[in-house]
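Quick note, our numbering runs 14 ahead of the 1-based positions in the sequence shown.
The C-beta atom is built at its ideal place from N, Cα and C for all residues, glycine as well.
What you are looking at is a predicted structure, and each value in this text was computed from that prediction instead of being measured.
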Amino acid sequence: MMTLRTPVRNMDPKKVRSIIEMTLRWCRRRFGDNRRKAYELKWYIQRNPNPKECGEYVADDNEIYVYWNNLENIEEILRTCIHEWTHYKQPILTRYFKFKGPYSQNPFERQAFRAEQKYTPICWKDLKKKINKFVKCDENA
């Protein structure tokens with residue numbers, strides 16, 4: 015049975031991708047799409063050699079990247095997806111880069127961090143049965 019602390023390194027990459035996909039679809043249902051964007055959001059789940067990056071939102075291209083190889087556990091998957099979805103909903107192109115202070119003090123980063131804290135337990139509550147059922151079915155195949 016999977017928990018928030020289940021390490022990603024012990025999981026098949028296909029399972030990790032599926033959990034990320036489930037989480038991003040949850041974000042879409044929970045938070046909705048950004049209506050200010052002229053084109054649809056795309057997301058990519060891939061490796062990143064920089065171990066400090068778990069994900070990023072590229073506002074110019076309206077793309078979310080989740081770097082599965084840098085995620086430690088299921089909780090970090092949920093937190094990263096919620097964090098990047100929060101950025102997707104923010105006015106990044108017009109306001110984010112106007113802040114000249116440290117990264118951790120940027121109001122957009124602070125908002126994304128608060129969203130992680132608030133919604134990760136809710137996301138886990140909503141997805142835990144589905145994730146465990148998916149994993150159990152996969153193990154029996």
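Buried or exposed (CB count within 10 angstroms, at least 16 for buried), residue i
{"i": "D136", "result": "In the sequence under discussion, the amino acid at residue 136 is Ile, which differs from the Asp named in the question. I136 is exposed by the Cβ-count criterion."}
{"i": "Q104", "result": "buried"}
{"i": "G46", "result": "exposed"}
{"i": "M15", "result": "exposed"}
{"i": "E67", "result": "exposed"}
Integer-rounded CB distance, given that residue j should sit under 8 Å from residue i
{"i": "I106", "j": "A73", "result": "4 Å"}
{"i": "Y102", "j": "I78", "result": "6 Å"}
{"i": "L156", "j": "V22", "result": "Since the first residue of the chain shown is 15 and the last is 155, residue 156 is not available in this structure."}
{"i": "W82", "j": "R128", "result": "Contact doesn't hold; Cβ gap of about 24 Å is too wide."}
{"i": "E89", "j": "L18", "result": "4 Å"}
{"i": "I34", "j": "V80", "result": "5 Å"}
Residue i in three-state terms, based on DSSP
{"i": "N83", "result": "helix"}
{"i": "P116", "result": "coil"}
{"i": "Y71", "result": "strand"}
{"i": "M16", "result": "coil"}
{"i": "R39", "result": "helix"}
{"i": "R44", "result": "helix"}
{"i": "R49", "result": "coil"}
{"i": "T26", "result": "Note that residue 26 corresponds to Asp in the displayed sequence, not to Thr. Three-state result, D26: coil."}
{"i": "Q131", "result": "helix"}
{"i": "N64", "result": "coil"}
{"i": "P121", "result": "helix"}
Residues that residue i bridges to, as DSSP identifies them
{"i": "I91", "result": "I91 pairs with nothing; no bridge assigned."}
{"i": "W57", "result": "I78"}
{"i": "P21", "result": "N87"}
8 Å Cβ cutoff, residue i in contact with chain D
{"i": "I96", "result": "Note that chain D does not occur in the displayed structure, where there is just one protein chain."}
**OP:** State whether the stretch 19-39 contacts the stretch 85-102, with contact taken as three or more CB pairs (one from each stretch) at a distance under 8 Å.
**Re:** yes
Original post:
Would you say the stretch 112-128 touches the stretch 54-62, given that touching needs at least three Cβ pairs under 8 Å?
Top reply: no
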